[in-house]
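J.: A single structure is presented below for examination.
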Ligand SMILES: C[S@@+](CC[C@H](N)C(=O)[O-])C[C@H]1O[C@@H](n2cnc3c(N)ncnc32)[C@H](O)[C@@H]1O
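In the UniProt record's numbering, the protein residues as written are 1 to 348.
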């Protein structure tokens, strides 16, 4: 790590370890923007320890379905809210690993591990102290993780390409990256990127979509999907005075470790959702423009077909056709939301 990277890590660690004591101390809504949480997750929240909930600083609900028995890695797990929700979602046969670099945050998470294990009837969560830029250093093997989640953390890393490279190293083939984070409509000026408050509030290091897309493309992941996005308002006048020219969004993103193409190609394939995910009996949203109603076939490009047929979602879809016959580019005109910056990277 460079000196600047170490200083940025130190500044973030200080912010989350010393400056903030609960989500009430945040100056903007960026780190805890109200993202409509699905009802079945809200019900699980009620069973978590209050102190874990008080120190939640996430910006979304990056908890995808179909997790039973899976190994899930939460990058920047903080006080562990999402890890304990995931503990319920993966069940006793699954495993949850939370990683964080701030001892004060991890201490809260670890202190309540037995409390949750007793309530749930099983213990399947472990917490590791480490940097998300170097998961090898804390023993996370290649191709060992089914799903990587993260909630408002990657923006805080001074070395985002390293974090994303580590994610794709540890994911199993067909595994999924599903995360919520703060995105900006432009590159943030260097001076503001190092401002401790802007950085800590998840604004200074916010990802610029096109740069994020380029990093993933360089990692052989050329098709990233936006699941949902919400605008972030800068409530604090001092913060707005510094960085009010930038528009921020909380975006939930999904990407798969699969050999996808850089454009959506048409092979005449069709996908039909079977309605078999218990929390989603009527429909499944792959992303902000793929809404699969139960039993209703939808024409899909080759990449979408692969995401559904070569991932853990396969048993919930019937995908018809293969890629032996090509019909040209897939017509994937984005919907109204697709005109925003954060949709430009999804090729479909
Ligand atoms: C905005 S908080 C989110 C915490 C948690 N995901 C949640 O939703 O409450 C950011 C967390 O990421 C951790 N973090 C930031 N940069 C990190 C890095 N490079 N490596 C490990 N953890 C990091 C911080 O210590 C902090 O706990």
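Beta carbons are placed, not taken as given, at the ideal position from N, Cα and C, and that holds for glycine.
When DSSP labels each residue in this structure, what does residue 173 get in the three-state scheme?
T.: strand
J.: When the Cα atoms are used, what is the spatial distance from residue 202 to residue 236?
T.: A straight line joining the alpha-carbon of residue 202 with that of residue 236 spans about 14 Å.
J.: From residue 9 to residue 222, what distance separates their C-alpha atoms?
T.: 29 Å
J.: For the alpha helix (DSSP H) containing residue 309, name the first residue and the last one.
T.: Counting along the chain, the alpha helix (DSSP H) containing residue 309 begins and ends at 302–309.
J.: With DSSP collapsed to three states, give me the class of residue 319.
T.: Annotated three-state conformation of residue 319 is strand, per DSSP.
J.: Can you pull the DSSP bridge partners for residue 143?
T.: Paired residues: none, contrary to the question.
J.: Give a single yes or no on whether residue 149 has its beta carbon closer than 6 Å to a heavy atom of ligand 1.
T.: no
J.: I need the boundaries of the alpha helix (DSSP H) containing residue 94, first residue and last residue.
T.: Segment: none, residue 94 is in no alpha helix (DSSP H) and carries neither H nor E.
J.: Using the C-alpha atoms, what's the distance from residue 4 back to residue 112?
T.: 34 Å
J.: Assuming residue 67 contacts residue 94 (C-beta within less than 8 Å), just tell me the rounded distance between them.
T.: 7 Å
J.: If you compare alpha carbons, which of 288, 264, 273 and 311 is closest to residue 303?
T.: 264
J.: Applying the 10 Å Cβ sphere with the 16-neighbour rule, what's the burial state of residue 287?
T.: Answer is buried; the Cβ neighbour count reaches 16.
J.: Hey, quick one: how far does the beta strand (DSSP E) through residue 84 stretch, first residue to last?
T.: Run containing residue 84: none in the beta strand (DSSP E); it sits in the alpha helix (DSSP H), 81–90.
J.: State buried or exposed for residue 207, treating a residue as buried only when at least 16 other CB atoms are found within 10 Å of its CB.
T.: buried
J.: Are residue 108 and residue 79 close, meaning C-beta to C-beta below 7 Å?
T.: yes
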